[in-house]
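Novice:
Residue numbers (our numbering), protein chains in the order written: chain A, 1 to 315; chain B, 316 to 630.
See the structure below:
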């Protein structure tokens, strides 16, 4: 943590007071010095990521002081300057600010685009989602249920499994530590149509085994393989015989879906048809541990770091 | 080898004298007692597969005696009886009979449907194909060249690599024993757009590393993994970041493409724009060894077993 002088916004820029920021698994990937869809973080520079806040100084007419905005450029700091094009005004009448980091933000759109556009999920199909208690997984499962699917989730504790079944309406949920293939077969004896993969490794292997002919794998993230390359699936040959499709995607390719997505999710949240748990961690100084804890599976739902004290708002 | 009485064709059936039969890698897969897209061969029964021959006795008006036919039901025998629906008349004016087992048959259609329908190959793209000297691979490479692509092939001997470069017009070809990733990078420094996978294992791993963003993997066969489950790729996480699509397919799902495919390939063969090497093995008694040799990489192009002496034809 360093304290530094931030300077003045230039023409077309605004200075934003960050109130909340997101921690996401992809941030770990950006710490590897590897060619990827976004360049790696650089040692000595401020990390970036999703954040919300309000404009406190502006040199852009479209962003008057007091405007609430979200941005993918401004996490991991109290204040930040960005070009207006990287600051999206958000509507606090539609949902409170932190929702734009989760249910109405990148994790929510990831679930929506992955399930429908990549996974081609249809009513009556069976979906298996790993890391089902997380920011993306809780949304995948509930969206599939809302659209007439059967949903199975894997998580890391029996408590999370019970929460998914009892509170979020999953048809089945289990602790992957107790064995994946066996529990998946018990939950879906006829097999699964879509596997939404947040994990890779042995969960991917079990899913390949359970997929029906013409099944789809939505390759969203392989959290178990960000830090180590273990547990590579040995049954890929089934991709041929069962005519499976495995397709990777990045949410930033699907921003055109944002309006349809936000309309549906905001309405479902208001009507109580969809729950989206948020875990708040207070204080920017606790953000590194919050990121590490994503990989330990300690939290449920979307993890948000409160950068400003709760209730901070424009003067 | 047993000699037995075959009986008489029933109504709607015909008795066929087999002249040539195909040996294909999938036959090894059918020897495993596993759920697959076709049921396993059963011990004590005659194996089946692609064959051509002519009708010697008929109880179906559409198949007069002397008609040349191809069938997927009648390999591994000298004579066979089948329902007329499993016997497709073939045109020996278009191409000689064995072509219907290779260039104009299942391996050719596999290359055609895989490259265009699954791989979505487009002019100007770079294709890497493994097992490139085989019945499918030689066709994949030449089709991609005919349609304006750049083509790289991997094979198991330096002689085959030279043949692909010098005779079939591949832009590059190498012996995979000399290291795959390095040779692939040298041949395609900017990466590849499509990987046509006949092999799986370490060649799949190298291809994943070389694929460009939005690249496609045509999962046609994983010959290296039919007998053992080794060399599972450990870099699947790149499927996410590079938004790759890996899709399995079975040629039998693409029979609607047969007319367009046969028209194009027969014309290209006649005009000398396409070469399709055939290796003939004489004698049904040598068919088991011919099948084994597919996996040893001894032969080039399509391997055909002559069941009847060369030149056998309707009386």
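Just so it is clear, CB atoms sit at the ideal spot from N, CA and C, and this is done for glycine as well.
1. Could you list which residues in chain A have their beta carbon closer than 8 Å to that of residue 472 (chain B), in chain order?
2. At what residue ranges does the stretch 13–98 of chain A contain a whole run of the alpha helix (DSSP H), taking only runs of 4 or more?
3. Per DSSP, residue 563 (chain B) forms a beta bridge with which residues?
4. Thinking C-beta only, is residue 490 (chain B) closer than 8 Å to residue 473 (chain B)?
5. Roughly how far, in whole angstroms, is the beta-carbon of residue 210 (chain A) from the beta-carbon of residue 184 (chain A), given that I think they are within contact range, below 8 Å?
6. Compute the distance between the beta-carbons of residue 402 (chain B) and residue 384 (chain B), then report whether it is under 8 Å.
7. Nearest CA to the CA of residue 644 (chain B): which residue from B:333, B:434 and B:604?
8. In chain order, what residues of the same chain have a beta carbon less than 6 Å from the beta carbon of residue 214 (chain A), not counting five sequence neighbours either side?
9. Leaving out five residues on either side along the sequence, give the residues of the same chain with a beta carbon under 6 Å from the beta carbon of residue 253 (chain A).
10. Measuring straight from C-alpha to C-alpha, what distance separates residue 394 (chain B) and residue 619 (chain B)?
11. Using only the alpha-carbon positions, how far apart do residue 544 (chain B) and residue 39 (chain A) sit?
12. Any beta carbon of chain B sitting closer than 8 Å to that of residue 242 (chain A)?
13. Quick one, which residues of the stretch 81–105 of chain A are near chain B if we go by CB-CB under 8 Å, in chain order?
14. Going along chain A in order, which residues have a C-beta closer than 8 Å to the C-beta of residue 560 (chain B)?
15. Got a sec, what are the start and stop residues for the beta strand (DSSP E) residue 279 (chain A) sits in?
16. Residues in its own chain within less than 7 Å of residue 97 (chain A) by CB, not counting five upstream and five downstream?
17. Using beta carbons (cut-off 8 Å, strictly below), is residue 364 (chain B) in contact with chain A?
18. So, helix, strand or coil for residue 526 (chain B), using DSSP?
19. Quick one: residues in its chain with C-beta nearer than 6 Å to the C-beta of residue 95 (chain A), no 5 flanking neighbours on either side, listed in chain order?
20. Would you check if the distance between the CB atom of residue 534 (chain B) and the CB atom of residue 553 (chain B) is smaller than 8 Å?
21. Would you mind sorting residue 1 (chain A) into buried or exposed? The rule is 16 or more other CB atoms within 10 Å of its CB.
22. Whose C-beta lies closer than 8 Å to the C-beta of residue 306 (chain A) among residues of the same chain, with five residues either side of it excluded?
23. Would you mind sorting residue 319 (chain B) into buried or exposed? The rule is 16 or more other CB atoms within 10 Å of its CB.
24. Work out the CA separation of residue 308 (chain A) and residue 83 (chain A) for me, nearest whole Å.
25. For chain B, check one thing: does any of its Cβ atoms lie closer than 8 Å to the Cβ of residue 295 (chain A)?
26. To the nearest angstrom, how far is the alpha carbon of residue 273 (chain B) from that of residue 513 (chain B)?
27. On a CA-only basis, which of B:360, B:586 and B:593 is nearest residue 416 (chain B)? Give me that one, please.
28. To the nearest angstrom, how far is the alpha carbon of residue 9 (chain A) from that of residue 62 (chain A)?
29. Closest to residue 245 (chain A) by C-alpha separation, out of A:208, A:232, A:258 and A:263, would be which residue?
30. What I want to know is whether the C-beta of residue 110 (chain A) ends up closer than 7 Å to one or more non-hydrogen atoms of the ligand GTP.
31. Is residue 521 (chain B) helix, strand or coil when you go by DSSP?
32. Run through chain B and tell me which residues come within less than 7 Å of residue 40 (chain A), C-beta to C-beta.
33. Would you kindly work out how many angstroms separate the C-alpha atoms of residue 331 (chain B) and residue 606 (chain B), rounded to a whole number?
34. If you count every other CB in all the chains shown that lies within 10 Å of the CB of residue 368 (chain A), and 16 or more means buried, which is it?
35. Check the Cβ of residue 537 (chain B) against every Cβ in chain A and list those closer than 7 Å, keeping chain order.
36. Use the C-beta contact count for residue 614 (chain B): other C-beta atoms within 10 angstroms, 16 or more gives buried, fewer gives exposed.
Specialist: According to the structure data:
1. Here the premise fails: no neighbours, minimum Cβ distance about 25 Å.
2. Correct list: 26–29.
3. Answer is B:534.
4. Yes. Within cutoff.
5. For a cut-off of 8 Å, the C-beta gap from residue 210 (chain A) to residue 184 (chain A) is around 5 Å, short enough to register as a contact.
6. For the 8 Å CB-CB criterion, residue 402 (chain B) and residue 384 (chain B) form a contact.
7. The shown model of chain B, from 316 to 630, leaves out residue 644 (chain B), and the question about it has no answer.
8. Counting only Cβ-Cβ distances below 6 Å, and skipping sequence neighbours, we find 243.
9. Hits under 6 Å: none found.
10. For residue 394 (chain B) and residue 619 (chain B), the distance between alpha carbons rounds to 17 Å.
11. Annotation note: pLDDT 45 at residue 544 (chain B) (below 50); position unreliable, no value reported.
12. Interface residue, yes.
13. Of all residues in the stretch 81–105 of chain A, none places a beta-carbon less than 8 Å from a beta-carbon of chain B.
14. Within 8 Å Cβ-Cβ: 245, 246, 247 and 248.
15. Per DSSP, the unbroken beta strand (DSSP E) holding residue 279 (chain A) starts and ends at 278–282.
16. Closer than 7 Å at the Cβ level, and outside the excluded window around residue 97 (chain A), lie 19, 20, 52, 68 and 90.
17. When Cβ-Cβ separations below 8 Å define contact, residue 364 (chain B) makes no contact with chain A.
18. DSSP places residue 526 (chain B) in the strand class (E or B) of the three-state scheme.
19. Cβ within range, chain order: 104 and 266.
20. Contact flag unset, no.
21. Answer is exposed; the Cβ neighbour count stays below 16.
22. Setting aside the 5 residues that flank it on each side, residue 306 (chain A) is surrounded in the same chain by 19, 20, 280, 281, 282 and 283, each with a C-beta closer than 8 Å to its C-beta; the list follows chain order.
23. Exposed is the label assigned to residue 319 (chain B), since fewer than 16 other Cβ atoms lie within 10 Å of its Cβ.
24. Whole-angstrom Cα-Cα distance: 22 Å.
25. No, because no Cβ of chain B sits closer than 8 Å to the Cβ of residue 295 (chain A).
26. Residue 273 (chain B) is absent from the model: chain B starts at 316 and stops at 630.
27. The residue with the shortest Cα to Cα distance from residue 416 (chain B) is B:593.
28. Taking the straight line from one Cα to the other gives about 14 Å.
29. Of the listed residues, the one whose Cα sits closest to residue 245 (chain A) is A:208.
30. No copy of the ligand GTP occurs in the structure displayed, which carries no ligand at all.
31. Residue 521 (chain B): helix per DSSP, three-state reduction.
32. Correct list: empty, because the minimum Cβ distance to chain B is about 12 Å.
33. Note on geometry: alpha-carbon atoms of residue 331 (chain B) and residue 606 (chain B) lie some 23 Å from one another.
34. Missing from the structure shown is residue 368 (chain A); chain A here goes from 1 to 315 and no further.
35. Result: 236, 237 and 240.
36. Residue 614 (chain B) is buried by the Cβ-count criterion.
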